[in-house]
Amino acid sequence: MKLVYKIILANTLGIIIIILISVFSYHEFNMLKAKLSFVEIADTLNASFLKMRLAEKNYFLYKDVSSLQLIKAEIRRSKDMTGGMKRKIIVAVGHENFTGLVRRLDHYAEEIDKIGTSDKIGISGQDIKNRQLSVREAGRDLKLFSGSMVRLERKKVNGIISASLDGLLYFFSLAILVAIMGTYLFFSNMFRNLSRIERATNSISKGNFNKIAEWKMPNNELGSVMRAINSMCDELQTRHEKLIQSRKLASIGILTAGVAHELGNPLNNISMVAQTFLELYDDLPDEERLEYMETVLQECGRIKDIVKNLLDFSKPKDTEFRVLDINAIIKKTLKLVRNMINVAGIKTELDLQEKLPEVFIDEDKIQGVLVNLINNAIQAMSAKGTLFIRTIRQEKEDKVIIEIEDTGKGIPPEFLSNIFDPFFSTKGTEGTGLGLSISYGIIKRHNGKIRVKSKVGVGTTFIIELPVYISKEEGDGCEEDHGD
Amino acid sequence: MDAKKIMVIDDENIVGKMIKATFERDGYVVEKFLNAKPALERLREQKFDVVITDLKMRDVDGMEVLKIVKKEFPATKVIMITAFANMDTSVEAFRKKADDFFPKPVKISDLKARIKGLLEGEERPA
Numbered sequence: 001m002k003l004v005y006k007i008i009l010a011n012t013l014g015i016i017i018i019i020l021i022s023v024f025s026y027h028e029f030n031m032l033k034a035k036l037s038f039v040e041i042a043d044t045l046n047a048s049f050l051k052m053r054l055a056e057k058n059y060f061l062y063k064d065v066s067s068l069q070l071i072k073a074e075i076r077r078s079k080d081m082t083g084g085m086k087r088k089i090i091v092a093v094g095h096e097n098f099t100g101l102v103r104r105l106d107h108y109a110e111e112i113d114k115i116g117t118s119d120k121i122g123i124s125g126q127d128i129k130n131r132q133l134s135v136r137e138a139g140r141d142l143k144l145f146s147g148s149m150v151r152l153e154r155k156k157v158n159g160i161i162s163a164s165l166d167g168l169l170y171f172f173s174l175a176i177l178v179a180i181m182g183t184y185l186f187f188s189n190m191f192r193n194l195s196r197i198e199r200a201t202n203s204i205s206k207g208n209f210n211k212i213a214e215w216k217m218p219n220n221e222l223g224s225v226m227r228a229i230n231s232m233c234d235e236l237q238t239r240h241e242k243l244i245q246s247r248k249l250a251s252i253g254i255l256t257a258g259v260a261h262e263l264g265n266p267l268n269n270i271s272m273v274a275q276t277f278l279e280l281y282d283d284l285p286d287e288e289r290l291e292y293m294e295t296v297l298q299e300c301g302r303i304k305d306i307v308k309n310l311l312d313f314s315k316p317k318d319t320e321f322r323v324l325d326i327n328a329i330i331k332k333t334l335k336l337v338r339n340m341i342n343v344a345g346i347k348t349e350l351d352l353q354e355k356l357p358e359v360f361i362d363e364d365k366i367q368g369v370l371v372n373l374i375n376n377a378i379q380a381m382s383a384k385g386t387l388f389i390r391t392i393r394q395e396k397e398d399k400v401i402i403e404i405e406d407t408g409k410g411i412p413p414e415f416l417s418n419i420f421d422p423f424f425s426t427k428g429t430e431g432t433g434l435g436l437s438i439s440y441g442i443i444k445r446h447n448g449k450i451r452v453k454s455k456v457g458v459g460t461t462f463i464i465e466l467p468v469y470i471s472k473e474e475g476d477g478c479e480e481d482h483g484d
Numbered sequence: 485m486d487a488k489k490i491m492v493i494d495d496e497n498i499v500g501k502m503i504k505a506t507f508e509r510d511g512y513v514v515e516k517f518l519n520a521k522p523a524l525e526r527l528r529e530q531k532f533d534v535v536i537t538d539l540k541m542r543d544v545d546g547m548e549v550l551k552i553v554k555k556e557f558p559a560t561k562v563i564m565i566t567a568f569a570n571m572d573t574s575v576e577a578f579r580k581k582a583d584d585f586f587p588k589p590v591k592i593s594d595l596k597a598r599i600k601g602l603l604e605g606e607e608r609p610a
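Chains as they are written, first to last, in our numbering: chain A, 1 to 484; chain B, 485 to 610.
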């Protein structure tokens, strides 16, 4: 789902919860208001009924006619109030209770009227007693009914308050739950994808252009960002390859000088054999003529090998990891740079450990690294310097170590920490400052390490560590570790 | 008159072999060496009229050979041949009193003419 829809949905859910809480609270508060206003009316009515009952008592005890008038006046007031507040009372206590109250008030009023008239006509003492009893009963009934209604409504008010509190608590719990669940459902994926992007960009900054897997990409804005990062990776990879290629071309420039010189020797040999052949042709026995021609062919073979080596090195190749013997690659590389070394007048000393375990490497790239390091060593040394190349197996960590040591001028300690940084060069205008940073990137992609030891005036040693290849039968396989 | 003696020092065997084959037919005595050290030892035993030496060799540099020969045997003519010919090396060779400098591939007839001239007292080229 697109992020913008997720945000809209999350906001809509939030708004719905707020509306629900508001409607619930509005309804509950309205109910509360109605009940409270009834309790107020009921209190007034109760007070009125209490007055009636007191007056009733006075009337029966002292035959005080004004008490009867007071009762009638209170009955009128109460009737006016129940009539006037009918709607409010019905809302609060319901129609049935309202009619119950009105009926009891009417009954009481009737009984009071009867008591009033019985005095005037002169009814027997027993009847008067009976009527007094009826009045008392009707009064008690009215007072009890209204009292019980007030108690009931107070209880109801308390109930509403508790229910409102509970309801609000439920709604808040629901809101918090929805917020947590919603955040998890809507945004956990987003956070996962963001950390994927973070990892990818961190890895790019370290020079690994590993792409984010297509199947892991969400179909939203973050997916677009991931696709953009992947296309950036492709572009960076291509540019990186071009950089390596241009660096290689620069090496080829140096190599070519050596190769041109090396071609000079077999060419001279062929030329001399041909000249001698022509000059001595008549005097040469057949077997010598054949020998001369064979020599020519051998020298042609030498030229072919030199040219092939150069072509192999210069040809851009796809990344191709293979299980290889590093000693063989060092020897092959040395063949390629032999003339560079010869021209510079430098001695080489090889100390390659026998029966080294194989490594899983891209031959072309590792050869590029070796040419680069040897070239640096040559440039650092004056004639009569010595280039040491050693290979050692480090059994403890299952690594193969390659050391390339020169007896050159060395690197000042303050430069050592920057030596693998892109564009850092100690060669001034002669160097691009890219060779070592590219070499560093290549060795890192082989899950290896490259470091440098140097002492000014003594020499520099570059140490490359490459993991030993462990076949799938032996271990968990190296391909995954090395795969680009 | 004794045959003129030529020494060839070149780690490419074919060079010595071909010079020996063609020059001996013209009456020279040619000895060939693949390394400079035994050649210099031989020079101390036997006087040679001409030394033809390669510039880049495994043991001793051709320039070093030139320096030693010109110091110890000033009368011996030295011709340098090299596949590493450039302005710098040729200037250095002449500065060290080389009698001539031939870039590889060497034309044998030119080499012959030059050696003949040198032995007849021609000056080295300016």
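Glycine residues also receive a C-beta, built at the ideal position from the N, C-alpha and C atoms.
Rounded C-alpha distance that separates residue i from residue j
{"i": "A/ARG104", "j": "A/LEU142", "result": "6 Å"}
{"i": "A/LYS399", "j": "A/LYS455", "result": "26 Å"}
{"i": "A/ALA179", "j": "A/ALA228", "result": "32 Å"}
{"i": "A/VAL296", "j": "A/GLY435", "result": "39 Å"}
{"i": "A/GLY159", "j": "A/ILE17", "result": "24 Å"}
{"i": "B/MET541", "j": "A/SER205", "result": "48 Å"}
{"i": "A/LYS88", "j": "A/ALA34", "result": "7 Å"}
{"i": "A/GLU354", "j": "A/LEU373", "result": "22 Å"}
{"i": "A/LYS308", "j": "A/LEU334", "result": "14 Å"}
{"i": "A/GLN367", "j": "B/LYS501", "result": "37 Å"}
{"i": "B/GLN585", "j": "B/ALA597", "result": "At residue 585 of chain B the sequence reads Phe, which differs from the Gln that was named. When rounded, the distance between both Cα atoms is 13 Å."}
{"i": "A/ASN210", "j": "A/ALA200", "result": "7 Å"}
{"i": "A/PRO412", "j": "A/LEU290", "result": "59 Å"}
{"i": "A/ASP351", "j": "A/GLU241", "result": "32 Å"}
{"i": "A/GLU279", "j": "A/GLU288", "result": "13 Å"}
{"i": "A/ASP364", "j": "A/LYS332", "result": "11 Å"}
{"i": "A/LYS129", "j": "A/MET52", "result": "19 Å"}
Among the options, the one whose alpha carbon lies nearest that of residue i
{"i": "B/PHE532", "options": "B/LEU539, B/VAL562, B/ALA505 and B/LYS555", "result": "B/VAL562"}
{"i": "A/CYS300", "options": "A/LYS331, A/ASP283, A/LYS409 and A/ASN265", "result": "A/ASN265"}
{"i": "A/LYS396", "options": "A/GLU465, A/ARG445 and A/LEU436", "result": "A/GLU465"}
{"i": "B/VAL590", "options": "B/ASP495, B/VAL499, B/ILE490 and B/ILE493", "result": "B/VAL499"}
{"i": "A/ASP64", "options": "A/VAL23, A/GLY116 and A/LEU32", "result": "A/GLY116"}
{"i": "A/ILE71", "options": "A/GLY125, A/GLY84, A/ASP43 and A/LEU54", "result": "A/LEU54"}
{"i": "B/MET547", "options": "B/GLN530, B/ASP572, B/ALA505 and B/ARG526", "result": "B/ASP572"}
{"i": "B/GLU604", "options": "B/VAL534, B/LYS555 and B/PHE578", "result": "B/VAL534"}
{"i": "A/ASP362", "options": "A/ILE329, A/SER224 and A/GLY125", "result": "A/ILE329"}
{"i": "A/HIS446", "options": "A/THR319, A/LEU352, A/SER382 and A/GLU198", "result": "A/THR319"}
{"i": "A/THR348", "options": "A/LEU387, A/ARG192, A/ASN375 and A/GLU235", "result": "A/LEU387"}
{"i": "B/LYS489", "options": "B/PHE507, B/VAL513 and B/ASN497", "result": "B/VAL513"}
{"i": "A/TRP215", "options": "A/ARG196, A/ALA92 and A/ASN202", "result": "A/ARG196"}
Status (buried if at least 16 other CB within 10 Å, exposed otherwise) for residue i
{"i": "A/PRO467", "result": "buried"}
{"i": "A/ALA391", "result": "Residue identity check: residue 391 of chain A is Thr in the sequence provided, not Ala. Label assigned to A/THR391: buried."}
{"i": "B/ALA487", "result": "exposed"}
{"i": "B/ALA520", "result": "buried"}
{"i": "A/ASN269", "result": "buried"}
{"i": "A/TYR170", "result": "exposed"}
{"i": "B/ASP583", "result": "buried"}
{"i": "A/MET340", "result": "buried"}
Cβ pair residue i, residue j closer than 8 Å
{"i": "A/GLY408", "j": "A/THR460", "result": "yes"}
{"i": "A/PHE462", "j": "A/ILE450", "result": "yes"}
{"i": "A/GLU153", "j": "A/VAL39", "result": "yes"}
{"i": "A/ARG77", "j": "A/SER37", "result": "no"}
{"i": "A/VAL259", "j": "A/LEU310", "result": "yes"}
{"i": "B/ILE503", "j": "B/ASP538", "result": "no"}
{"i": "A/LEU356", "j": "A/ILE389", "result": "no"}
{"i": "A/MET226", "j": "A/MET217", "result": "yes"}
{"i": "A/PHE360", "j": "A/VAL323", "result": "yes"}
{"i": "A/ASN46", "j": "A/VAL135", "result": "no"}
{"i": "A/VAL531", "j": "A/ILE442", "result": "Residue 531 of chain A is absent from the structure shown; chain A starts at 1 and stops at 484."}
{"i": "A/ILE41", "j": "A/MET81", "result": "yes"}
{"i": "A/ASN438", "j": "A/LEU243", "result": "The sequence shown places Ile at residue 438 of chain A, not Asn. Closer than 8 Å, so yes."}
{"i": "B/VAL544", "j": "B/LEU527", "result": "no"}
Residue i: CB within 7 Å of a non-hydrogen atom of the ligand ZN
{"i": "A/VAL225", "result": "Because no ligand of any kind appears in the structure shown, any question about the ligand ZN cannot be addressed here."}
| request: Give, in chain order, every residue of the segment 263 to 274 of chain A whose Cβ lies closer than 9 Å to some Cβ of chain B. | output: LEU263, GLY264, ASN265, PRO266, LEU267, ASN268, ASN269, ILE270, SER271, MET272 and VAL273
| query | In chain order, what residues of the segment 490 to 522 of chain B put their CB closer than 8 Å to some CB of chain A? | reply | GLU496, ILE498, VAL499, MET502, ILE503, ALA505, THR506 and ARG509
| said: Closer than 8 Å between beta carbons: that is the criterion. Which residues of the segment 588 to 606 of chain B meet it against chain A? | reply: LYS588, PRO589, VAL590, LYS591, ILE592 and SER593
| task | Select from the segment 341 to 358 of chain A all residues with a C-beta closer than 8 Å to any C-beta belonging to chain B, and list them in chain order. | result | For the segment 341 to 358 of chain A, which is checked against every Cβ of chain B, the residues closer than 8 Å are ASN342, VAL343 and GLY345.
| request: Below 9 Å between beta carbons is the criterion; list the residues of the segment 570 to 590 of chain B that meet it against any residue of chain A, in chain order. | output: PRO587, LYS588, PRO589 and VAL590
| field | Members of the segment 520 to 543 of chain B near chain A, C-beta cut-off 7 Å | value | LYS540
| query | Any residues in the segment 275 to 297 of chain A with a beta carbon nearer than 8 Å to a beta carbon of chain B? Which ones, in chain order? | reply | Under the 8 Å Cβ criterion, the segment 275 to 297 of chain A contributes GLN275, THR276, GLU279, LEU280, ASP283 and THR295.
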